[in-house]
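A.B. asks:
Residue numbers (the numbering used here), protein chains in the order written: chain A, 1 to 412; chain B, 1001 to 1412.
#1: Tell me the DSSP secondary structure of residue 122(A) in three-state form.
#2: Give me the subset of the segment 1030-1062 of chain B whose CB atoms are less than 8 Å from a CB atom of chain A, sorted by chain position.
#3: Tell me where the beta strand (DSSP E) around residue 1029(B) begins and ends.
#4: Going by DSSP, what residue range makes up the alpha helix (DSSP H) through residue 301(A)?
#5: Could you check if residue 378(A) is buried or exposed, using at least 16 other CB atoms within 10 Å of its CB as the buried criterion?
#6: Contact criterion: CB-CB distance below 8 Å. Does residue 1358(B) meet it with respect to chain A?
#7: Check the DSSP bridge columns for residue 380(A) and list the partner residues they point to.
#8: Measure the CB-CB distance between residue 154(A) and residue 26(A) and report whether it falls below 8 Å.
#9: Against chain B, does residue 83(A) count as a neighbour if the rule is that its beta carbon must be under 8 Å from one of theirs?
#10: Tell me the DSSP secondary structure of residue 1178(B) in three-state form.
#11: Taking the Cβ atom as the reference point for each residue, do residue 399(A) and residue 341(A) lie within a distance shorter than 8 Å?
#12: Return the bridge partner residues of residue 87(A) from the DSSP annotation.
#13: What did DSSP end up calling residue 1372(B) once you bin it into helix, strand or coil?
#14: If you follow the alpha helix (DSSP H) that residue 1265(B) is in, where does it begin and where does it stop?
#15: Round the Cβ separation of residue 1104(B) and residue 1118(B) to the nearest angstrom and send it over; I've been treating them as touching at under 8 Å.
#16: Give me the Cβ distance between residue 1200(B) and residue 1275(B), rounded to the nearest whole Å; I'm assuming they're in contact under 8 Å.
#17: With a floor of 4 residues, list each alpha helix (DSSP H) that falls wholly inside the segment 11-80 of chain A, ordered by position along the chain.
#18: Using beta carbons (cut-off 8 Å, strictly below), is residue 1418(B) in contact with chain A?
#19: Are the C-beta atoms of residue 308(A) and some chain B residue less than 8 Å apart?
#20: Mapping DSSP to helix, strand and coil, what is residue 1164(B)?
#21: Using a Cβ-Cβ distance cut-off of 8 Å, determine whether residue 118(A) contacts chain B.
#22: Comparing alpha-carbon positions, which option in 48(A), 392(A) and 285(A) lies nearest residue 320(A)?
#23: Going along chain B in order, which residues have a C-beta closer than 9 Å to the C-beta of residue 68(A)?
#24: Applying a beta-carbon distance threshold of less than 7 Å, which residues of chain B neighbour residue 294(A)?
#25: Taking 8 Å as the threshold (beta carbon to beta carbon), is residue 1343(B) in contact with chain A?
#26: So residue 1395(B) is in the alpha helix (DSSP H); what residue range does that whole segment cover?
#27: If we count Cβ pairs, one from each stretch, closer than 8 Å, do we get three or more for the segment 122-131 of chain A versus the segment 81-90 of chain A?
#28: From this set, 204(A), 174(A) and 12(A), which residue's C-alpha is nearest residue 22(A)'s C-alpha?
#29: Around the Cβ of residue 39(A), are there at least 16 other Cβ atoms within 10 angstroms (buried) or fewer (exposed)?
#30: Residues in the same chain with beta-carbon distance under 6 Å from residue 1182(B), minus the five sequence neighbours each way, listed in chain order, please.
#31: Which residues in chain A sit within 9 Å of residue 1233(B), going by Cβ to Cβ distance?
#32: Between residue 252(A) and residue 207(A), what straight-line distance do the alpha-carbon atoms span, to the nearest angstrom?
#33: Pop quiz: residue 1383(B) and residue 1353(B) are said to be a contact at Cβ under 8 Å. What is the actual Cβ separation, rounded to whole angstroms?
#34: Measuring CA to CA, which of 142(A), 7(A) and 405(A) is closest to residue 31(A)?
#35: Can you tell me whether residue 1156(B) is helix, strand or coil according to DSSP?
#36: Counting pairs of beta carbons, one from the segment 211-225 of chain A and one from the segment 257-271 of chain A, are three or more of them closer than 8 Å?
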């Protein structure tokens, strides 16, 4: 790791107790993908009957593992997951495809399943061929050590420059049977010369058919992972997978709209939102978590675009880093979003303090009060367009010199 | 000014000798818009018969002066230009409109012209009402000092945190009559709590009717100012105006496609490109100028979008700051642009060194050679998509800790 950064000041105070999830076992190993003597591979085994859903990067140049997962997702069943660090297997062309195929073959043999039931995710250096022959023997040995606990182990194994492991969990009942949801994520991390990559894996012992699971995940991701931005840069490797083992004994459900899933749906959304917020809290160099609330837009879609324009604005993010309630830059970011907006109807608040109203500075606001508010770790920025009922919320972090140092200094 | 930064290391070695342009006179004054004892207003007078064209910010929340200029542009004739610093007159609602009207009224009286012949541009703090009564007497006095030289004065007067004045000029003949083009620009500047603003004013003594002038400017801006990005943040005040006084005695031309304008068109494009490059060279905290060339795209429009995605990527820009030929991040930025791209056809070069080819690392490139190249002040980054004939070029600068300091530190 290029930087041994201190733990983010925005890290949760405690790591939650997570798992076990019936039907999920795992173990980590050293395969020597890039460095010797370092844990660099996570093997997860899933019980027979596990269904799977996935959401991936929208990049037009996705990594080989992303292409592999997309291809096999139509089958809808999963028995294994292999996650490695040290090599992203991205921009590796034909060799990349050969590496994914060989990894799946070795893992399938170790787990006793089909190759198209093995999901893959990689993070690390890009453009270098991944030598999957290094998994030979290693995964077989690892499979013998598979265990249902402790979940902190895989959460740590997938970290790169994350400064804390990211875990979230919830328990709900489906027709009286308790089911568990547990997930882990890694955020924007860096191994020279790598790129930021978001990976998240969520597991449940509920029994939900793959199409319903996909519907739940696709909906759940909108207001969680898709509502988080660190720097507007989309990785070639972003991967979010949801596995349902069915091992809880809860009744099998095949329709995402089944009313028996109401609580599960809320709990899943909660776990995804929790993990996504942890990713924002661990943004590179982040010192402040910024929650951007847009209301009064002409639609939710328009509110999302305006919120993202604000969240990705370097001028807004550096102002927050400087503890400056610079609403002029917020106006700028609203204006450049290209969405319906009328200056004379715009209101802007930092926390409870309205600083601008109806297209002009709010004469009643107290500069000392808003300056004191900006010293908080978590900043709520609210923009009301005054046009309609469209509302949305996204999360980001501030842009600090440390971000530039992490991403620009490591070769100097 | 919050920061007295040293002159950008990318500044041109010499300031060009510019002007006079027949029919253009100017003077600067202290109006006390925000601070006392400081030059803060530029008054320009244009001879009778001057035609005008303009291009403005696409922001949905433009400043009051931008709205004023847009409104009067249809008339097509100009006699004056008033530029002030200290107050951007943006996000000032009804009061902002009253201030522009009063400024035009006072300037029109001082210059002896109609109010709708007076163009306005403002830069400085936003959200504070601009007290235009401060111009009373001042503009009248200033009008008595109007002179055709020296052009360095107005170029300096419009600077905010620009570290050098930006001037460019060219001379061409139209039917044997020499005409001059001369322009000035200010770049991404900052007066706390202001925002970046690009202003540029270009003048010629050629005689060109307003519709033709507008066509020339709209075309010329595409590959100059619109091809430059510092941080992807669009100001509420961006203003580019082109005035043609006709005072050279060259024949009046009413059609932008008139073959007699061929040389003029090229010269104008050159002046705009020169000024735009100077803006990029003076980007906040910039240590390197980055020229991004995209070839082989499916269209020029697609090439532009891909180039802008690379130019606005914080991860690419921090890598350049760190003198790291991180082509993995370039792949990422190509991938996130959402435009047609195929990993297996992609080639990437830094300067003359091809680092990636056909979707994988170019095995022949020498890491030491590319590291040496990255130490240059000007970096040429070429991406070939291998799909079609669409090509484009944009310019940006690197993202340094100094950018964060300029925009984030001034309140601390």
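Ideal placement from N, C-alpha and C gives every residue a C-beta, glycine not left out.
C.D. replies: Per the coordinate set shown:
#1: strand
#2: 1057, 1058, 1059, 1060, 1061 and 1062
#3: 1024-1029
#4: 300-311
#5: exposed
#6: yes
#7: 291(A)
#8: yes
#9: no
#10: strand
#11: no
#12: 125(A)
#13: helix
#14: 1262-1281
#15: 4 Å
#16: 6 Å
#17: 64-73
#18: Missing from the structure shown is residue 1418(B); chain B here goes from 1001 to 1412 and no further.
#19: no
#20: coil
#21: no
#22: 285(A)
#23: None at all; the shortest Cβ gap to chain B is about 14 Å.
#24: Here the premise fails: no neighbours, minimum Cβ distance about 14 Å.
#25: yes
#26: Premise fails: residue 1395(B) lies in the beta strand (DSSP E), 1390-1397, not in any alpha helix (DSSP H).
#27: yes
#28: 204(A)
#29: exposed
#30: 1018, 1019, 1021, 1169 and 1203
#31: 313, 314, 315, 316, 329, 332, 333 and 336
#32: 5 Å
#33: Actually they are not in contact, since the Cβ atoms of residue 1383(B) and residue 1353(B) sit about 14 Å apart, beyond 8 Å.
#34: 142(A)
#35: helix
#36: yes
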